[in-house]
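So in the numbering used here, the last one in the sequence shown is 87, and the numbering has no gaps at all.
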Amino acid sequence: MRITVPSTTQVTDIVGKVRKRLTDGEKEGIHLKVVSEKLDDDWLYIVVVPSRPGVRASEYANYMSKIERELRAGGDDHVLLVPALQD
Numbered sequence: 001m002r003i004t005v006p007s008t009t010q011v012t013d014i015v016g017k018v019r020k021r022l023t024d025g026e027k028e029g030i031h032l033k034v035v036s037e038k039l040d041d042d043w044l045y046i047v048v049v050p051s052r053p054g055v056r057a058s059e060y061a062n063y064m065s066k067i068e069r070e071l072r073a074g075g076d077d078h079v080l081l082v083p084a085l086q087d
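Spelled out as structure tokens, the structure:
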């Protein structure tokens, strides 16, 4: 299996998809946002933090996992959403 490194445009598109899904999550009471992304060893790491207090860790992890599965199903492999706490 050949792995291709996403181009800058593809990274921008993938991050845009993640941002849209996180915005959709607000309707379910899940408030998360993208704070950074990094391409490393053919993987795109997207760092996600709560956008307001009170987000439960289980909702956070489950929702991010759901987004990762949707990305893979859409052909965007090698993307990991990284949970973090904002300082």
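Glycine included, every Cβ here is placed at the ideal spot set by N, Cα and C.
Only a predicted model underlies this, so the values are computations on that prediction, with no experimental measurement involved.
Contacting residues, own chain, Cβ-Cβ under 7 angstroms from residue i (five flanking each side not counted)
i	result
Ser51	His31, Leu32 and Lys33
Ile94	Outside the shown range of the chain (1 to 87) lies residue 94, about which nothing can therefore be said.
Proximity winner among the options, relative to residue i (alpha-carbon distances)
i	options	result
His78	Ile46, Gly16, Glu28 and Gly25	Ile46
Ala73	Lys27, Ile14 and Leu85	Ile14
Asn62	Gly25, Gly16 and Ser36	Gly25
Gln86	Thr9, Ser36 and Thr23	Ser36
Thr12	Thr23, Lys38, Gly29 and Glu28	Lys38
Gln10	Glu70, Pro53 and Leu44	Leu44
Contact belief for residue i with residue j at Cβ below 8 angstroms, rounded distance in angstroms
i	j	result
Val48	Pro83	6 angstroms
Beta-carbon proximity list for residue i, same chain, < 6 angstroms, skipping 5 on both sides
i	result
Asp76	Ile14
Neighbourhood of residue i by C-beta distance below 8 angstroms, restricted to the same chain and skipping five residues each side
i	result
Met64	Leu32, Val48, Leu81 and Pro83
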